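> I am attaching a structure below and will ask some questions about it afterwards.
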Amino acid sequence: MTERVLLTGCGDLGRRVAQGLLARGDQVWALRRHPPEHDASGIQWLRGDLSQPDSLPALPAGINRLVHTPAPDGRNEAAYRAVFSDGLRHVLDALEHSSLRRVVLISSSAVYGNHAGEWVNEDTPAQPASFNGRVLLETEQWLATQTLSSASLRLAGIYGPGRLQWLERLRAGQVSAPLEPPHWANRIHIDDAAAAVLHLLHLPAVLPVYLGCDDTPLPLHELYAHLAALINAAPPPVGPAPAGVGSKKLSNARLRASGLQLQWPDARSGYAALLAA
């Protein structure tokens, strides 16, 4: 059966989700502040600003599934709140609910804060240390109170094509990582992130929250050393971990148990394939 799907915000991840939907034969609309002028992908673009409900166009009737994946236009709390918590309310207010069967919110593991290298899953208390985590957690909690089938996908750090610029900093010796205690890093390939969104959109029944990460949390110094070897660079120096990124090992057991198969369960092989390409 052909679905009618709306993506609110449609960047790199959203486009990959859209292509998966189109490949299924679904109809796909995508709402952005600045949609592309020429696009032969099959996505039907809509122009509007989630933070300004008066700017929203008439949304298509009969939307079955909604993916909320906006991009804030600034790195501050007001910008995040405008498109996540306020923006989700605005689009749901503008949508007809009678046909809406699933909402997927793209959230982040930033909702957890720092857990001193311990394992974290969906039942771990969220204690965001920064404004973005707080806004995302508030948005998740609000969505869970609505009379809609919904899931929030808390993504780890995304990597993939076009997301390798920081390797130049690694080559230049401009990144560091602690040895003791290790700082645990969590990643997910963008293709697996898109597959997780598609999976949750069509799963018969969902839980309110899922962690989106690969199978293999890695000490940051091990990940950096592996990548340095792939690009023939010196291992990174010992130093502080990235500011504002808590150390924790994320578990994807719930997502795996729901039936999702990952193409890249270990970021080391995922990065190697990207660099080889």
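Start counting the sequence shown at 179; every next residue gets the next number (my numbering). Glycine is no exception: its CB is placed at the ideal position from the N, C-alpha and C atoms. Quantities reported herein were computed from a predicted structural model and do not represent experimental measurements.
Have a look at 317, 326, 373 and 409 and flag the residue whose alpha-carbon is nearest the alpha-carbon of residue 454.
In the sequence shown, counting from the first residue as 1, residue 454 sits at position 276. Out of 317, 326, 373 and 409, 409 has the C-alpha closest to the C-alpha of residue 454.
> Measuring straight from C-alpha to C-alpha, what distance separates residue 184 and residue 221?
The count along the sequence shown starts at 1 and reaches residue 184 at position 6. The count along the sequence shown starts at 1 and reaches residue 221 at position 43. In a straight line, the C-alpha of residue 184 is about 10 Å away from that of residue 221.
> By a C-beta neighbour count over all protein chains shown, 10 Å radius and 16 as the cutoff for buried, is residue 227 buried or exposed?
For the purposes of this step, residue 227 is taken as residue 49 along the sequence shown, with counting starting at 1. It counts as buried.
> Within a Cβ cutoff of 6 Å, which residues of the same chain sit near residue 176, ignoring the five residues on either side of it in sequence?
The requested residue 176 is not part of the displayed model; the chain covers only 179 to 455.
> Report the partner residues of residue 210 according to the DSSP bridge assignment.
In the sequence shown, the residue the question calls residue 210 occupies position 32. Answer is 225.
> Under the rule that 16 or more other beta-carbon atoms within 10 Å means buried, what is residue 393, buried or exposed?
As a first step, residue 393 is located in the sequence shown; it is residue number 215 there, counting from the start. The residue is exposed, with fewer than 16 neighbouring Cβ atoms inside 10 Å.
> Across which residues does DSSP place residue 375 in a beta bridge pair?
For the purposes of this step, residue 375 is taken as residue 197 along the sequence shown, with counting starting at 1. Answer by DSSP bridge pairing: none, since residue 375 is not bridged.
> The beta strand (DSSP E) spanning residue 186 covers which residue range?
As a first step, residue 186 is located in the sequence shown; it is residue number 8 there, counting from the start. Taken as a continuous stretch (DSSP letters only), the beta strand (DSSP E) holding residue 186 covers 182–186.
> Compare the C-alpha of residue 459 against each of 411, 309 and 196 and name the closest.
Since the displayed the chain opens at 179 and closes at 455, residue 459 lies outside it and no answer follows.
> How long is the line joining the alpha carbons of residue 350 and residue 449, rounded to whole angstroms?
Along the sequence shown, read from residue 1 onward, the residue named residue 350 stands at position 172. Along the sequence shown, read from residue 1 onward, the residue named residue 449 stands at position 271. Spanning the two alpha carbons is a distance of roughly 18 Å.
> Rounded to whole angstroms, what's the CA-CA distance from residue 323 to residue 262? Just pull it up for me.
Against the sequence shown, residue 323 aligns to sequence position 145. Against the sequence shown, residue 262 aligns to sequence position 84. C-alpha separation (whole angstroms): 16 Å.
> Run through DSSP, which three-state label would residue 441 get?
Counted from its first residue, the sequence shown places residue 441 at position 263. Correct three-state label for residue 441: coil.
> Would the segment 264–278 and the segment 288–304 be scored as touching if the rule is three or more Cβ pairs under 8 Å?
no
> Is the segment 329–339 in contact with the segment 362–372, if contact means three or more CB pairs nearer than 8 Å?
yes
> In the segment 280–352, which residue ranges form an unbroken alpha helix (DSSP H) of at least 4 residues, counting only runs that do not cross its ends?
309–322 and 344–349
> Within a Cβ cutoff of 7 Å, which residues of the same chain sit near residue 372, ignoring the five residues on either side of it in sequence?
Taking the sequence shown and counting its residues from 1, the one referred to as residue 372 is at position 194. Around residue 372: 191, 194, 195 and 198.
> What residue does the alpha helix (DSSP H) around residue 269 start on, and which one ends it?
Translated into the one-based positions of the sequence shown, residue 269 becomes position 91. Per DSSP, residue 269 belongs to the alpha helix (DSSP H) from 263–272.
> Count Cβ pairs between the segment 341–350 and the segment 311–327 that sit closer than 8 Å; are there 3 or more?
no
> Which residues does DSSP pair with residue 245 in a beta bridge?
As a working mapping, residue 245 is identified with position 67 in the sequence shown. DSSP output for residue 245 lists 185 and 282 as bridge partner(s).
> Answer with buried or exposed for residue 212, where buried requires no fewer than 16 other C-beta atoms within 10 angstroms of its C-beta.
Sequence index remark: in the sequence shown, residue 212 carries index 34 (1-based). Under this definition residue 212 is an exposed residue.
> Which whole-angstrom value describes the C-beta separation of residue 271 and residue 231, a residue pair presumed to lie in contact below a C-beta threshold of 8 Å?
Mapped onto the sequence shown, residue 271 falls at position 93. Mapped onto the sequence shown, residue 231 falls at position 53. With 8 Å as the limit, residue 271 and residue 231 qualify as a contact, their Cβ atoms being about 7 Å apart.
> Figure out for me which residue from 426, 430, 251 and 180 has the closest Cα to the Cα of residue 240.
Translated into the one-based positions of the sequence shown, residue 240 becomes position 62. When only C-alpha atoms are compared, the closest one is 180.
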